[in-house]
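A.B. asks:
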Amino acid sequence: MIKAVLLAAALLAGCGTGAGPAETTVTVFAAASLTESFTALEKGFETDNPGVDVRLNFAGSSALAQQIANGADADVFAAADETTIARVADHLENPAVFATNHLTIAVPRGNPARITGLADLTRPGVTVVVCAPQVPCGAATRKVAPGLRPASEEQDVKAVLTKVAAGEADAGLVYVTDARSGKVDAIDFPESAAAVNNYPIALTKQAPNAPLARRFVDLVLSSTGQNELVRAGFGKP
Amino acid sequence: MPGVLWVPAVLGLAIVVLPLVGLLVRADLGNWVEHVTSPGAVAALGLSLRTAAMSTVLCLILGGPLAVVLARARVPGVRVLRAVVLLPLVLPPVVGGLALLYLLGRSGFAGHALDLAFGVRVPYTTAAVVIAQTFVAMPFLVVGLEGALRTAGERYEAVAATLGARPWTVFRRVTVPLLLPAIGSGVVLSFARALGEFGATITFAGSLEGVTRTLPLQVYLLGETDVDGAIAVSLLLVLVAIAVIVVARPRAVERAP
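In order, the protein sequence lines correspond to chains A and B. Mapping the first sequence onto numbering that gives the first Met the number 0, position 63 (from 1) lands on 62, and the numbers just tick up by one. Mapping the second sequence onto numbering that gives the first Met the number 0, position 123 (from 1) lands on 122, and the numbers just tick up by one.
1. Output yes if chain A places a C-beta closer than 8 Å to the C-beta of T50/B; else output no.
2. Report the three-state DSSP secondary structure of L172/A (helix, strand or coil).
3. R259/B CB to nearest chain A CB: under 8 Å?
4. Check this for me: beta carbons of L102/A and T140/A, under 8 Å apart or not?
5. Counting pairs of Cβ atoms below 8 Å between the stretch 131-151 of chain B and the stretch 148-155 of chain A, do you hit three or more?
6. Pick helix, strand or coil for Y123/B, following the three-state DSSP scheme.
7. Can you give me the Cβ contacts of V239/B inside the same chain, cut-off strictly under 7 Å, excluding the 5 residues immediately before and after it?
8. For F190/B, which three-state DSSP category applies?
9. Please confirm if S61/A has its CB atom under 8 Å from at least one CB of chain B.
10. Got a sec? Which residues, its chain only, sit under 8 Å from G146/A by beta carbon, not counting five neighbours each side?
11. In angstroms, rounded to a whole number, what distance separates the CA positions of A170/A and A178/A?
12. Sorted by chain position, which residues of the same chain lie with C-beta nearer than 8 Å to R113/A's C-beta, five sequence neighbours on each side aside?
13. With 8 Å set as the bound, which would you pick, yes or no: does the beta-carbon of T211/B sit closer than that to a beta-carbon of chain A?
14. Are P94/A and I200/A close, meaning C-beta to C-beta below 8 Å?
15. Can you check whether the CB of E208/B is closer than 8 Å to the CB of P92/B?
16. By the criterion of Cβ-Cβ separation under 8 Å, what are the contact partners of L166/A in chain B?
17. Starting from the N-terminal side, write out each stretch of the alpha helix (DSSP H) that is 4 residues or longer and does not extend beyond the stretch 167-234 of chain A.
18. Is L69/B buried or exposed, if buried means 16 or more other CB atoms sit within 10 Å of its CB?
19. So, helix, strand or coil for F97/A, using DSSP?
20. In chain order, which continuous runs of the alpha helix (DSSP H) of length 4 or greater are located wholly inside the stretch 156-185 of chain B?
21. Could you give the residue range of the beta strand (DSSP E) that holds I104/A?
22. Give me whichever residues DSSP pairs with E153/A in a beta bridge.
23. Can you check which of these residues, T126/A, V125/A, K142/A and V127/A, is closest to Q133/A by C-alpha distance?
24. Would you please state the rounded distance, in angstroms, between the beta carbons of A159/B and V169/B? I believe it to be under 8 Å.
25. Identify the residues that DSSP records as bridge partners of T26/A: which are they?
26. What are the start and end residues of the alpha helix (DSSP H) that includes F117/B?
27. Per DSSP, V87/A forms a beta bridge with which residues?
28. Comparing C-alpha positions only, which one of R212/B, L44/B, A72/B and A52/B sits nearest to L236/B?
29. Specify the secondary structure class of F197/B as computed by DSSP and reduced to three states.
30. Tell me, please, whether the stretch 0-15 of chain B touches the stretch 69-83 of chain A by the rule of three or more beta-carbon pairs shorter than 8 Å.
31. Taking a Cβ distance cut-off of 9 Å, strictly less, list which residues of the stretch 224-247 of chain B are near chain A, in chain order.
32. So L63/A and F37/A are supposed to be a Cβ contact under 8 Å. How far apart are they, rounded?
33. In three-state terms, what does DSSP make of A242/B?
34. Do we get a CB-CB distance below 8 Å when we pair T16/A with the residues of chain B?
35. Helix or strand or just coil, what does DSSP make of A31/A?
36. Cβ closer than 7 Å: which chain B residues qualify as neighbours of A81/A?
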């Protein structure tokens, strides 16, 4: 009997600590291009903070900004360019730039169309897929290659990567970090220096769990975080 | 009818009507005309109407005969075929788009052959949009026509045949006239479905203004950056949908199975 009461009490206590997801979970909205690096950082953060669960939501930055504007429960927002984050500035604390990225030409493995640089993308018969100008990778694309006539403008950089990896396009403009997936070959081009994306990160104003969220942002900005990002191919701000 | 049915019925109606009200309330009606006459929206509307019309014609000239075969042919396996034809109705359209891509894309066997033999590449073209729309819309026509054929029975056709009419004459003078109402409703439904097609199109055809970016794709693109524009184009789609239902034979739609 006493045992049963103790057990019940223990269960209740357990529920007590477990019932506050706001205290033990951090929800991070991050640009699709951060998938690999933030997933690695998530593991480190959860190891250093036992019992904490980081929930990552990866998508195109513009889509995430739209979700935040519509009241999604995010603690942290990491976007792929400053324009996108400026669009939801009202919902965010002051952003800090934590990484930079630039474009590269992704081609199917083995480069069947023999692309060597930006000039080849305008060759007749070459199928090129890029991001739509409304999303950060597309804005960068328009800056470095304004005269490009793509076969399709995709909604985010992963969609471009998928089409190239599947061989349905001869080339696509993606971030250098995305081209490292191993599914495509990358051809760097000097013009890409004209559009370097700054990646800002910020706490949301209504962050359900601000203290823990701040720790995650600190991790991203720390040398551990920076090393992880550099390993993924990002530049330092 | 038990009066209590009113409760779920009203809730059901609310699920259909309230979201449209939400759209209207949030809409920037003052600038609506500006939004829907933007070059992107005009290109998308034109493309949507053109492709939906073409895929409706394809649905009719391919799906019509298919319905007749499914309803009248006495060959083993017809029941299995009937189930297969229903697949696009049940499948998520994005799966249909992937399937089309791996058939007609460069890596697909048919796409590869077409490229080698004729230099024809289907993905990223307006033709790809029409194919995707036909894929998802055809079952609506086939199911409607086949049901009507079964209901009508074969009496008149049999009589015409005993009077000496050849099969083609029977088809032309008896079967088709009997089916006219069902053809009307099938055409309306498949046009509406083609107009709303999104998942298969974006997967298989991509998204490019004037070539493959139909109205639903335009809404999706704007939804992330220009919400007022997205809502305006959505309202345009609602208007076109209402026009399709109201103008094009409301009774025919009601009679559809």
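Idealized CB from N, CA, C, for every residue including glycine. Keep in mind it's a predicted model, so treat the numbers as computed, not measured.
C.D. replies: In terms of the structure at hand:
1. Taking the second sequence and counting its residues from 1, one reaches residue 50/B at position 51. No, because no Cβ of chain A sits closer than 8 Å to the Cβ of T50/B.
2. By 1-based counting over the first sequence, the position of residue 172/A is 173. Here L172/A sits in strand by DSSP.
3. With chain B running from 0 to 256 in the structure shown, residue 259/B is simply not present.
4. One-based indexing of the first sequence puts residue 102/A at position 103. One-based indexing of the first sequence puts residue 140/A at position 141. Yes; because the gap between Cβ atoms is below 8 Å, this pair is in contact.
5. no
6. Your numbering for residue 123/B matches position 124 in the second sequence. Of the three classes helix, strand and coil, the one that applies to Y123/B here is coil, per DSSP.
7. Within the second sequence, the letter at position 240 stands for residue 239/B. Here V239/B has L194 as same chain residues with Cβ atoms under 7 Å from its own Cβ, once five neighbours each way along the sequence are excluded.
8. Taking the first residue of the second sequence as position 1, residue 190/B is located at position 191. The answer is helix: DSSP assigns F190/B an H, G or I state.
9. The residue you call residue 61/A lines up with position 62 of the first sequence. Chain B contact via Cβ: present.
10. For this step, residue 146/A is matched to residue 147 along the first sequence. Cβ neighbours of G146/A beyond the five flanking positions: T121.
11. Taking the first sequence and counting its residues from 1, one reaches residue 170/A at position 171. Taking the first sequence and counting its residues from 1, one reaches residue 178/A at position 179. The alpha-carbon atoms of A170/A and A178/A are separated by roughly 11 Å.
12. Against the first sequence, residue 113/A aligns to sequence position 114. Within the same chain, R113/A has close Cβ partners D119.
13. Numbered from its first residue, the second sequence carries residue 211/B at position 212. Answer yes: the Cβ-Cβ gap between T211/B and chain A drops below 8 Å somewhere.
14. The residue you call residue 94/A lines up with position 95 of the first sequence. The residue you call residue 200/A lines up with position 201 of the first sequence. Result yes, Cβ atoms of P94/A and I200/A sit closer than 8 Å.
15. Numbered from its first residue, the second sequence carries residue 92/B at position 93. Numbered from its first residue, the second sequence carries residue 208/B at position 209. No.
16. Here residue 166/A is taken as the residue at index 167 of the first sequence, counted from 1. Residue 166/A is actually Gly in this sequence, not Leu. What G166/A touches in chain B: G104, R105 and S106.
17. Whole alpha helix (DSSP H) segments, 4+ residues: 175-178, 209-220 and 222-230.
18. What you label residue 69/B is simply residue 70 of the second sequence in a count that begins at 1. L69/B should be labelled buried.
19. Position 98 of the first sequence, counted from the first residue, corresponds to residue 97/A. In the structure shown, F97/A sits in a strand (DSSP, three-state: E or B).
20. 166-169
21. The residue you call residue 104/A lines up with position 105 of the first sequence. Segment L102 to P107, the beta strand (DSSP E) holding I104/A.
22. Taking the first sequence and counting its residues from 1, the one referred to as residue 153/A is at position 154. Partner(s): C130/A.
23. Numbered from 1 along the first sequence, position 134 holds the residue referred to as residue 133/A. Of T126/A, V125/A, K142/A and V127/A, the residue nearest in Cα terms is K142/A.
24. The sequence position of residue 159/B within the second sequence is 160, counting from 1. The sequence position of residue 169/B within the second sequence is 170, counting from 1. Right, the Cβ-Cβ distance comes to about 5 Å (below 8 Å), so this counts as a contact.
25. As a working note, residue 26/A is residue 27 in the first sequence. T26/A is bridged to R54/A.
26. For the purposes of this step, residue 117/B is taken as the residue at position 118 of the second sequence. Segment F108 to F117, the alpha helix (DSSP H) holding F117/B.
27. Position 88 of the first sequence holds residue 87/A. Per DSSP, none; premise fails for V87/A.
28. Counting from 1 along the second sequence, the entry for residue 236/B is found at position 237. Checking every option, the nearest Cα to that of L236/B belongs to L44/B.
29. Mapped onto the second sequence, residue 197/B falls at position 198. Residue state, collapsed to three classes: coil.
30. no
31. T224, D225 and V226
32. To locate residue 63/A, count along the first sequence from 1; it is residue 64. To locate residue 37/A, count along the first sequence from 1; it is residue 38. Incorrect: roughly 13 Å between the Cβ atoms, too far for contact.
33. Taking the first residue of the second sequence as position 1, residue 242/B is located at position 243. Three-state DSSP puts A242/B in a helix.
34. One-based indexing of the first sequence puts residue 16/A at position 17. In this predicted model, T16/A has a pLDDT of only 42, less than 50, meaning its place in the structure is not dependable; the value taken from the coordinates is given anyway. No, no contact with chain B.
35. Here residue 31/A corresponds to residue number 32 of the first sequence, with the count starting at 1. Collapsing the DSSP output to three states places A31/A in a helix.
36. On the first sequence, position 82 is the one that residue 81/A refers to. Looking at the sequence provided, one finds Glu at residue 81/A rather than Ala. Near E81/A there are no residues of chain B at all, since even the closest Cβ is about 15 Å away, more than 7 Å.
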